[in-house]
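Numbering (this note's numbering), first residue to last: 687 to 1112.
Read through the structure below, which is laid out as C-alpha cells, and then see the notes.
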Amino acid sequence: MDSNAFLARFGFDPEDFEAGASGPIRSDDGFVYEATELRKEDAECPFCRSAARVEVNKHYTATVRCCQSAGPADSLLVRRIVYRCRGCGRTFTLDLKGIAARRGISSMERNEMVADFSSHATFSEIGLRHHCSPMRCIQLFDEAFPLVRRLPLPRVLCIDEIHFSSQFDQKYCCVLLDFETGRVVDVVRSRQKAYLEEYFDAIPYGERARVKWLVSDMYDEYASVCRLFLPAATLAVDRFHVVVQLTNAINAIRTRVMRGWEKGTPEYNFMKSHWREFLRRGAEISPKWYANQRTGESVPYAEMVRRCTLLSRDLRECWDALQDLMKYTKVQSSYTEAVGEVTFISEKLMACQAEEARKAGQTYKRWKNGIAMGLSRNDLGLKLSNGKMECLNNRIKTIIKDAYGYRNFERFRKRALLILWGDVGR
C-alpha cells in the first residue's frame, strides 16, 4: 500500500503531507510510512489570530500509531512543522485532519478506543487491543470524558446501594434507576446521609418535584431523602426486601430448631439440606419426595415442611406469616386493605417468643405505610418493585469485578454509566 492510500485509510488528508520517497518499511509490528507535513500558507496563530505574520520556526519528527482493532500496528513517521508568530512570539503546531497536535495516535484510532469505553472490556483489554498500556487508556478515558452528566430524574425513581469500596465513606455507593425505562440515572458516591443530602440538594427544585414515587428498601436515609427533597413523591418499600426481612428470621429460627433436634433424624436432615423449601410459597414447594434411608419411608417435601414447622411454635407462626405475606405481594389490593394486611402480619410476629420474629414484626410496624404503598394499587397502574434494580446491581458488580476493583470513584461512575447506557442501546 502506498503512503497516500495509507493516509486516506486512516482518516488523514493526503494533501496535508508529502509522501516519503522510500515507501513503506516493514517492522516487527506492521509497516512504517514516512511523510512530511506541508506548510500551510494560511496558517493562523491560535493565540492572537494573526495569519499574515506566521512563519516556520523548526521541524520535529513525530511517530503516530495507526492501528485498527485486531489489526497490525502500522505507524506514520511524520516530519511536522512548528510555526512561530512574529506578532506575539508564540510557537504552535497545527491540528490536521486525522491527527491532533502532540498526539501519538491517529484520530481514527482514538475514536475507536473511545467507543470501546462503552463496552465491557477492561482498560487492560482495550490497551492490548490497541497496542498501548492500561495507564494510557485511563489517561485517554479521562481526557475524552471529563464529565458524564446524569439523566433527568424520572417519574418513578428506584434507589438502592451496592458495595463499592472498603473505605468507610465509600463502602456502599448509591444507584438511581428509572423504573419505567430501566435506564440507570446516576451513581452517587455514598448512601450516607451527608452525601445524599448534598446530591439531591444540588438538583433544581422543579426537577425534584417531578418525582412521584420513590421505591427503596427499608433504609432510614432513603425515607429522609423522600421527605426532605422530593416534595411530590410517595415512598414505596420494595416488596422483595419486605419478604427478605421475614425469610431471614425464618432461617435463623429454623437453624436454632435444627440444632436442638436429634442428629440423623429425617427432620434434622431435611432442615439442614432443604432449607430453601421453608422460604417458598406452599404451592411452590418442590413436588419431590424425601426418602428416609434408615426406615425407607418416602414423604413429599410439603409434608416434611409441615412436620418440621410443627416442631416449633415460632417456626410455624413465622412460616404461616410468610405464606400470608407472599399472598399479599401477588395481589394488588387497596391502600387501606394493604395497611390492614401489614398490621395483621406485624402483630402476629411481635407476639412470637423468638427475637428474630419480633424484630421483623417491629420493622413492619415502623414501615407500615411504605410497605402498604408498595403492595397496593397506585394511580400509575404499575406494580412497583426494585426487581430491575437488583438485576442492575449484578451488572455493576460484574463491571467492578472485571476491572479488579476501581480505586477512583468518579472514574468508576463514568465508566459504569457509559457501559450501562450502551447496554440499553444494544
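All residues carry an ideal CB built from backbone N, CA and C; glycine is no exception.
This structure is a prediction, so every number in the text was calculated from the model and none was measured.
Our two residues, Ala807 and Cys823, have alpha carbons roughly 12 angstroms apart in a direct line.
For Phe717, the secondary structure class from DSSP, reduced to helix, strand or coil, is strand. DSSP lists Val923 as the bridge partner or partners of Ser902. For Phe827, the three-state secondary structure derived from DSSP is helix. Inter-residue distance for Leu782 and Phe703 is about 10 angstroms (C-alpha atoms, whole angstroms). In the DSSP assignment, Lys744 forms a beta bridge with Val768. DSSP places Asp887 inside the alpha helix (DSSP H), whose first and last residues are 879-887. Between the stretch 940-949 and the stretch 1046-1058 there are fewer than three C-beta pairs closer than 8 angstroms, too few to call the two in contact. Of the candidates Cys1004, Val1017, Thr933, the residue whose Cα lies closest to the Cα of Cys1038 is Cys1004. With a threshold of 16 other beta carbon atoms within 10 Å, His745 falls short and is exposed. Taking every protein chain shown into account, the CB of Arg875 has 16 or more other CB atoms within 10 angstroms, so this residue is buried. If you look at Trp1005, you'll find it isn't in any beta strand (DSSP E); it sits in the alpha helix (DSSP H) that goes 999-1016.
By the neighbour-count definition (other C-beta atoms within 10 Å, threshold 16), Leu1070 is a buried residue. Going by DSSP, Tyr987 is part of the alpha helix (DSSP H) stretching over 987-995.
Distance between Ser1019 and Phe926, taken at the CA atoms: about 17 angstroms. Secondary structure at Ser1019: strand, using DSSP grouped into helix, strand and coil. With fewer than 16 other beta carbons inside 10 angstroms of its own, Ile711 counts as exposed. Taking C-alpha positions only, Leu814 is separated from Glu795 by approximately 13 angstroms. Looking at the backbone, the Cα of Asn934 and that of Arg962 are separated by about 11 angstroms. Spanning the alpha carbons of Met799 and Phe809 requires a straight line of approximately 10 angstroms. Every beta strand (DSSP E) stretch that sits fully inside the stretch 943-988 and reaches 3 residues is listed by chain position as 975-977, 984-986. In this chain, Ala705 is not harboured by any alpha helix (DSSP H); it is covered by the beta strand (DSSP E) spanning 703-705. Of Met1012, Gln825, Phe803, Cys734, the smallest CA-CA separation from Arg772 is found for Cys734. Where Leu837 is concerned, there is no enclosing beta strand (DSSP E), because DSSP gives it neither an H nor an E. Leu932 counts as buried, since at least 16 other C-beta atoms from the protein chains shown sit within 10 angstroms of its C-beta. Excluding sequence positions up to five before and after Asn797, its CB lies less than 7 angstroms from no other CB in the same chain.
Taken through DSSP and simplified to helix, strand or coil, Leu762 comes out as strand. Boundaries of the alpha helix (DSSP H) harbouring Glu1042: 1041-1052, taken from the DSSP string. In this structure the stretch 1007-1026 does not touch the stretch 989-998; the number of beta carbon pairs closer than 8 angstroms is below three.
Pairing Glu730 with Thr722, the inter-Cα distance amounts to about 20 angstroms.
Taking the CA atoms as reference points, Gly868 sits about 43 angstroms from Ser761. Nearest C-alpha to Tyr881 among Glu907, Ala895, Lys898: Glu907. Judged by their CB atoms, Met904 and Trp1107 are not nearer to each other than the 8 angstroms cut-off. In this structure, Asp846 lies near Asn1079, with their beta-carbon atoms less than 8 angstroms apart. Cα atoms of Glu1041 and Glu1023: separation of roughly 27 angstroms, rounded to the nearest angstrom. For Glu811, the enclosing alpha helix (DSSP H) has its first and last residue at 809-815.
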